[in-house]
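Numbering (the numbering used here), first residue to last: 1 to 247.
Note that CB positions come from ideal geometry on N, CA and C, so glycine has one too.
Below is one structure, written out as structure tokens; the observations come after it.
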Amino acid sequence: MYDNKIYEDMWNSFGGEISYNSAMEILNILFKYYKPSSVIDIGCGIGSWLKAFSDLGIRNYKGLDGINIDKRLVPKENIQICNFIEHKNIDNIKYDLVTYLEVAEHISNEYSEDFINLLISYGDIILFSAAIPGQPGVDHNNCQPLLFWVNIFNKKGFDCFDFIRNQIYYNDKVDYYYSQNILLFVKREKTDIFTKQSLEVNNSPIFYYHSRLFNQVAMERDKLNSKINKISWWIPIRKLRDKFRSL
Numbered sequence: 001m002y003d004n005k006i007y008e009d010m011w012n013s014f015g016g017e018i019s020y021n022s023a024m025e026i027l028n029i030l031f032k033y034y035k036p037s038s039v040i041d042i043g044c045g046i047g048s049w050l051k052a053f054s055d056l057g058i059r060n061y062k063g064l065d066g067i068n069i070d071k072r073l074v075p076k077e078n079i080q081i082c083n084f085i086e087h088k089n090i091d092n093i094k095y096d097l098v099t100y101l102e103v104a105e106h107i108s109n110e111y112s113e114d115f116i117n118l119l120i121s122y123g124d125i126i127l128f129s130a131a132i133p134g135q136p137g138v139d140h141n142n143c144q145p146l147l148f149w150v151n152i153f154n155k156k157g158f159d160c161f162d163f164i165r166n167q168i169y170y171n172d173k174v175d176y177y178y179s180q181n182i183l184l185f186v187k188r189e190k191t192d193i194f195t196k197q198s199l200e201v202n203n204s205p206i207f208y209y210h211s212r213l214f215n216q217v218a219m220e221r222d223k224l225n226s227k228i229n230k231i232s233w234w235i236p237i238r239k240l241r242d243k244f245r246s247l
């Protein structure tokens, strides 16, 4: 399955451990209500979530990504490299669960609805998480409030369930952005899978920033203030010097 040495190197370089731990915690909650037999992870990165699927006993799983993933990390039959903008589900393959996690913020806004169309072409139950405005990250050019995505899914005939976030908010094994962003979208004809288990449709999920994000921003602010304080004594002296030089 996985080449342990290669995976360990990539794991350490790209934050695989926190991603994998997050996946295990979140999937164990989801699987209490719904255990899929097949999963596709669109935007799978180095495959942390794919490894979690495998470790939780799912044998039919696949990852799509636009980067050239080393196929020694993930079995070649479980990975497909593609151009997301051009990719289509031409074979009309369906999966029990589709995951699309912290990827949408990297896609231009003009393609937002196209990507939702891609997701729903692969399945009727979609685990979705995307960066919200102000969330730090690289190449975040499409950070949207939760309702932006909810409205698109609603228009496509999907309803939102928001039962995972409150169960992981205080779980330090889960990265904060999942705790503030992750939602489950289900095709309306299948929502009874969850409503029969006393879970309610919620098409108005609360928007909030996780406390760990506030702490992270505060730490960065304190570091910046510390640097400013180290040089602040020099500013009035330099102003005085420049004033005399201008005489």
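Can you give me the Cβ contacts of residue i inside the same chain, cut-off strictly under 6 Å, excluding the 5 residues immediately before and after it?
i      : result
Leu184 : Leu127 and Phe161
Ile42  : Leu64 and Tyr100
Ile125 : Leu97 and Val186
On the DSSP bridge assignment, give the partners of residue i in chain order.
i      : result
Cys160 : Phe185
Lys62  : Ile40
Rounding to the nearest angstrom, what Cα-Cα distance links residue i and residue j in this structure?
i      : j      : result
Glu113 : Leu147 : 14 Å
Asp222 : Glu86  : Here the model assigns Asp222 a pLDDT of 47, short of 50, so the residue's position is not dependable, and the following value carries that caveat. Their Cα atoms are separated by approximately 44 Å.
Asp91  : Ser108 : 26 Å
Val201 : Thr191 : 8 Å
Pro136 : Asp96  : 32 Å
Ile206 : Asn28  : 23 Å
Asn83  : Gly123 : 20 Å
Met24  : Ser179 : 14 Å
Using 10 angstroms around the beta-carbon of residue i, count the other beta-carbons present and answer buried if the total reaches 16, otherwise exposed.
i      : result
Lys196 : exposed
Pro36  : buried
Tyr170 : exposed
Val103 : buried
Val248 : The chain is shown from 1 up to 247; residue 248 falls before or after that span and cannot be answered.
Just tell me which of the options has its CA closest to the CA of residue i.
i      : options                         : result
Ile46  : Pro75, Ile125 and Leu199        : Pro75
Lys51  : Phe31, Ser19, Leu30 and Gln80   : Ser19
Gln144 : Ala130, Gly157 and Val138       : Ala130
Leu119 : Arg188, Asn89 and Ile79         : Asn89
Arg188 : Asn154, Ile79, Asn78 and Val174 : Asn154
Ser204 : Phe31, Ile193, Trp49 and Phe163 : Phe163
For residue i, would you say it is in contact with chain C, using Cβ-to-Cβ distances shorter than 8 Å as the test?
i      : result
Ile116 : The structure shown contains no chain C; it is built from a single protein chain.
Just to confirm my understanding: we take residue i, look at its own chain, exclude 5 residues before and 5 after, and list those with CB closer than 8 Å. What are they?
i      : result
Ile152 : Ser112, Glu113 and Ile116
Compute every distance between the C-beta of residue i and the non-hydrogen atoms of the ligand NAD, then say whether any falls below 7 Å.
i      : result
Val138 : Within the structure as shown, the ligand NAD is missing, as the structure has no ligands at all.
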